[in-house]
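Protein chains in written order, with our numbering: chain S, 653 to 828; chain G, 158 to 528. A short worksheet on the structure shown next.
Shown next, in the form of structure tokens:
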């Protein structure tokens, strides 16, 4: 059983620059921030290293940090420019009985994160959901299509903070 | 001359009695054999997570009820546990015991629906009525507690909405006494029925390694032989004070991790839940159930992931707070959502009729898959 500091040290020694920092502020959980395009390698290491043994992915969640610049578009709606979108990974080891949270932040205007679907099959639908809701592109995902929204939804990504309901979907009025 | 064969796509659902809700399965079949199954979900998407961002923290509780509508108490439990950890609220002992009693009663009620409908799915209709008869008694207990039978809004951040009804303990004891023999009746009627065993044993085998990689939790994981239950392995509330065991699948009628094992785990879990309720009723202290409810719910900035053992598996709430009255993000890790992913894998190589048997054994609720 290892705590977040020990896991951070192991990762830092192995990956160097890719592992950015360990953030711990009680009572919230501590988490390790990782470079978005290298997360798949870090996760593979976390899964296969015997002393870490993170065989299961509990949860994967997209978050809109909404830390960009708020501007008005041509229809006078407030939209957010720049800033970041984040993905949180909650990992767990059933044998070693420890947990860790990873976070990657990616550019909001071109959100790209390496997919961990090959590492844990559980990530497949979670990543599709994050793509569906936030538009985060998971590189190398085998089937990155919408999951909860209609497949042909063109109204944007609903869980982004500046999401506007489209007026029509296939000729049907959307706001009721 | 060889006969020409080709694959065919068959749509099952969205409206189909055995999909337990609105789910469309795209079956790729070759004759009677399943080549692939592609589940299409989202028909019940109600934007739960988007709603959360415009509501205050206590207002979210009624919405959590509506995700897994067969286990509303357990859904509330997960949410309030997450919020209390984030805010650092100490609970009165009585509240913890009440919550455990409710969650375990809910587990029995939920498993009864799962088992009853499973029987009905594959052709045994009578057990369904037996199960619903018993579930009704649990719903009556909930009704005298908080006035609602399905969607309770009972567990609040820092407490519960009402103290136990004066008759609750007596009626619960009576229920346990009645229910134990009924469980045996259900075993005689369905569990050890040879026709039922033939339909379910050695069907849809889920090996432990695959289950863990797919993130399967709850009775489905334990049926594959993995001893993992959050009530023991990551204890929350007062579960560490009770004496109970975690049933694990051993392939009694077929192979470890087959449909029969997944079914049987739920039967065994109901017995364990009865034990927990009995102990909780004996130990429950007196006290005020609303003393720790905060007047204003304004958690500090930060994020938390808290999880509880729902009847269907690990129910996790990931809550990001920005220090205001509304959450910045609520993500629900719904057990059915994750358990459903492995479904296509389980069906490959089986017959069309087995799809229904496998789906029923996973025990999904579309309300929480689509949220």
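We treat Cβ as the ideally placed atom computed from N, Cα and C, and that holds for glycine. These figures come from a predicted structure and were not determined experimentally.
Asked	Found
Tell me the residue span of the alpha helix (DSSP H) that contains residue 778 of chain S.	775-786
Going along the chain, which residues of its own chain have a beta-carbon closer than 8 Å to the beta-carbon of residue 383 of chain G, five neighbours each way excluded?	365, 368, 369, 405
Below 9 Å on C-beta distance, what does residue 753 of chain S contact in chain G?	460, 462
What does DSSP give as the partner residue(s) for residue 753 of chain S in the beta ladder?	S:742
Can residue 374 of chain G be considered in contact with the ligand ADP, in the sense that its beta carbon sits closer than 8 Å to one or more heavy atoms?	Questions concerning the ligand ADP fall outside what the structure shown contains, since it holds no ligand whatsoever.
If you compare alpha carbons, which of G:195, G:411, G:170 is closest to residue 797 of chain S?	G:195
Can you tell which of G:193, G:344, G:492, G:420 has its C-alpha closest to the C-alpha of residue 371 of chain G?	G:492
Residues in the same chain with beta-carbon distance under 6 Å from residue 339 of chain G, minus the five sequence neighbours each way, listed in chain order, please.	291
Name the chain S residues that come within less than 8 Å of residue 385 of chain G, Cβ to Cβ?	746
Skipping 5 residues on each side, what residues in its chain have a beta carbon closer than 8 Å to that of residue 186 of chain G?	164, 165, 166, 167, 192, 509
In chain S, what lies closer than 8 Å to residue 206 of chain G by C-beta?	785, 811
Which partner residues of residue 399 of chain G appear in the DSSP bridge assignment?	For residue 399 of chain G, which the question treats as bridged, DSSP gives no partner whatsoever.
Using DSSP with H/G/I as helix, E/B as strand and the rest coil, what is residue 824 of chain S?	strand
Are at least three pairs of beta-carbons, each pair with one atom in the segment 519-526 of chain G and one in the segment 176-183 of chain G, less than 8 Å apart?	yes
Is it right to say residue 723 of chain S is buried, meaning 16 or more other beta carbons lie within 10 angstroms of its own, or is it exposed?	exposed
Would you tell me roughly how many angstroms separate the C-alpha atoms of residue 810 of chain S and residue 784 of chain S, rounded to the nearest one?	8 Å
Please tell me whether residue 355 of chain G and residue 380 of chain G are closer than 9 Å, where the distance is taken between their beta carbons.	no
Write down every uninterrupted run of the alpha helix (DSSP H) in the segment 210-272 of chain G whose length is 4 residues or greater and which is fully enclosed by it, in chain order.	214-222, 229-244
Return the bridge partner residues of residue 183 of chain G from the DSSP annotation.	G:168, G:195
Taking the Cβ atom as the reference point for each residue, do residue 706 of chain S and residue 698 of chain S lie within a distance shorter than 9 Å?	yes
Run the CB neighbour count on residue 456 of chain G, radius 10 Å, all protein chains shown included, and call it buried at 16 or more, exposed below.	buried
State buried or exposed for residue 283 of chain G, treating a residue as buried only when at least 16 other CB atoms are found within 10 Å of its CB.	exposed
Just the Cα atoms here: how many angstroms apart are residue 494 of chain G and residue 159 of chain G?	43 Å
Contact criterion: CB-CB distance below 9 Å. Does residue 708 of chain S meet it with respect to chain C?	Absence of chain C from the displayed structure is noted, the protein chains being S and G.
Does residue 352 of chain G pass the burial test, meaning 16 or more other C-beta atoms within 10 Å, or should it be called exposed?	exposed
May I have the straight-line CA-CA distance separating residue 472 of chain G from residue 500 of chain G, to the nearest angstrom?	19 Å
If we count the other Cβ atoms within 10 Å of its Cβ and call it buried at 16 or more, is residue 358 of chain G buried or exposed?	buried
Of all the options S:761, S:754, S:782, S:792, which has the alpha carbon lying nearest to the alpha carbon of residue 770 of chain S?	S:792
Could you tell me which residues DSSP puts in a beta bridge with residue 711 of chain S?	S:742
How would you write the range of the alpha helix (DSSP H) that residue 340 of chain G sits in, first residue to last?	325-343
Which residue or residues does DSSP assign as beta-bridge partners of residue 467 of chain G?	G:470
Taking only beta carbons into account, state which residues of the segment 482-508 of chain G come closer than 7 Å to chain S, listed in chain order.	486, 488, 490, 494, 495, 498
Would you call the CB atoms of residue 692 of chain S and residue 768 of chain S closer than 9 Å?	yes
Using a Cβ cut-off of 9 Å (strictly closer), state whether residue 371 of chain G contacts chain S.	yes
Using CA atoms only, rank isn't needed, just tell me which of G:323, G:335, G:311 is closest to residue 218 of chain G.	G:311
Could you check whether the Cβ of residue 413 of chain G sits closer than 9 Å to any Cβ belonging to chain S?	no
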